[in-house]
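Have a look at the structure below, then the notes.
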Amino acid sequence: MGGGDRSPALVKQMVETAKMKPGDYIVVLPMATSIPEESVAYISGQLSVACNNKITSFNFTRAQADNQQGWIDSVKNARFIFITGGDQNKFMNVVRGTKLYEALHQAFRNGSTIAGTSAGAAVMSQIMITGEEKGKSDKDSFREIKSNSVVTSSGMGFLTSAIVDQHFIIRSRYNRLLSALADHPDKTLIGIDEATAIIVTGKRQP
Numbered sequence: 297m298g299g300g301d302r303s304p305a306l307v308k309q310m311v312e313t314a315k316m317k318p319g320d321y322i323v324v325l326p327m328a329t330s331i332p333e334e335s336v337a338y339i340s341g342q343l344s345v346a347c348n349n350k351i352t353s354f355n356f357t358r359a360q361a362d363n364q365q366g367w368i369d370s371v372k373n374a375r376f377i378f379i380t381g382g383d384q385n386k387f388m389n390v391v392r393g394t395k396l397y398e399a400l401h402q403a404f405r406n407g408s409t410i411a412g413t414s415a416g417a418a419v420m421s422q423i424m425i426t427g428e429e430k431g432k433s434d435k436d437s438f439r440e441i442k443s444n445s446v447v448t449s450s451g452m453g454f455l456t457s458a459i460v461d462q463h464f465i466i467r468s469r470y471n472r473l474l475s476a477l478a479d480h481p482d483k484t485l486i487g488i489d490e491a492t493a494i495i496v497t498g499k500r501q502p
């Protein structure tokens with residue numbers, strides 16, 4: 297999801313995509329946000345209207361992402377995992393290179409649906425846009441299309457052939473995404489607007 301408001305129809309379609317059975321459960325991961333309790337409460341309220349499945353959340357620290365085995369196993373066995381918005385770099389700094397990272401990929405290989413909004417969408421790519429422009433401090437300072445200007449890092453890597461950007465139209469991120477395309481012409485570049493989403497099944501966007 298590209299960020300912003302989530303309509304009931306959008307949440308309903310997301311839940312339907314997960315194809316959950318009565319015993320399946322949802323895990324919310326709020327590590328990207330500075331207001332985890334509020335973010336968890338908001339998405340949990342929306343999800344509880346769309347389904348009757350159990351919803352839990354784990355706000356991992358970097359240390360817990362390697363040693364909180366009960367939480368890690370719960371993530372691995374979840375049918376549906378939702379990553380909140382916030383700062384994608386903050387999320388990846390907690391998860392990258394940990395047992396939690398491996399658990400998320402195991403869940404993905406097992407067929408779990410992994411969804412995210414805003415920063416939670418940005419982390420889906422193997423090549424992740426951090427939001428920074430080289431040589432500048434303003435995150436939304438992309439005034440021109442220029443190669444070698446977009447700072448990237450390693451994301452979760454669920455999408456290996458595409459790079460995702462979010463808040464696309466409302467924050468005028470055309471220049472940023474086109475600049476990223478100049479650096480990665482072999483990738484599909486996807487800009488998702490607020491209150492919209494894409495669904496990817498395997499390597500295909502339906």
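Residue numbers for the sequence shown, in the numbering used here: 297 to 502. Ideal placement from N, C-alpha and C gives every residue a C-beta, glycine not left out. Since we're looking at a predicted model, the values are computed, not measured.
- Residue state for E429 is assigned as strand, using DSSP reduced to three classes.
- If you check the CB distance, A346 and V311 come in under 8 Å.
- Residue nearest to M424 within the set S408, D489, G498 and L477 is L477 (criterion: CA-CA distance).
- The secondary-structure analysis by DSSP pairs G412 across a beta bridge with I379.
- As DSSP reads the structure, D461 sits in a beta bridge with G487.
- Here K372 is buried, its C-beta having at least 16 other C-beta atoms within 10 Å.
- Beyond the five residues adjoining it in sequence on each side, D320 comes within less than 6 Å, by CB distance, of N349 and R375 in the same chain, given in chain order.
- Close CB contacts of L485 within its chain, under the 8 Å cut and outside five residues either way in sequence, are with A458, I459, D461, L473, L474, A476 and L477 (chain order).
- Between the segment 402-422 and the segment 444-458, the count of C-beta pairs closer than 8 Å reaches three or more; the two stretches touch.
- Judged by DSSP in its simplified three-state form, I368 adopts helix.
- With respect to the 8 Å criterion, P318 and N355 are not classified as neighbours on the basis of their beta carbons.
- Where T448 is concerned, the enclosing beta strand (DSSP E) starts and stops at V446 to S450.
- Listed as beta-bridge partners of K386 by DSSP are no residues whatsoever.
- Annotation: Y470 to E334 spans about 30 Å, alpha carbon to alpha carbon.
- If the five residues before and after I368 are omitted, its C-beta is found closer than 7 Å to the C-beta atoms of K395, L396 and A399, all from its own chain and listed in chain order.
- Nearest Cα to S437 within the set S468, I410, S408 and A411: S468.
- One alpha carbon belongs to F378, the other to D362, and they sit about 20 Å apart.
- Beta-bridge annotation (DSSP): S468 is not paired with any residue.
- When the beta-carbon positions are compared, T329 and T380 come within less than 8 Å of each other.
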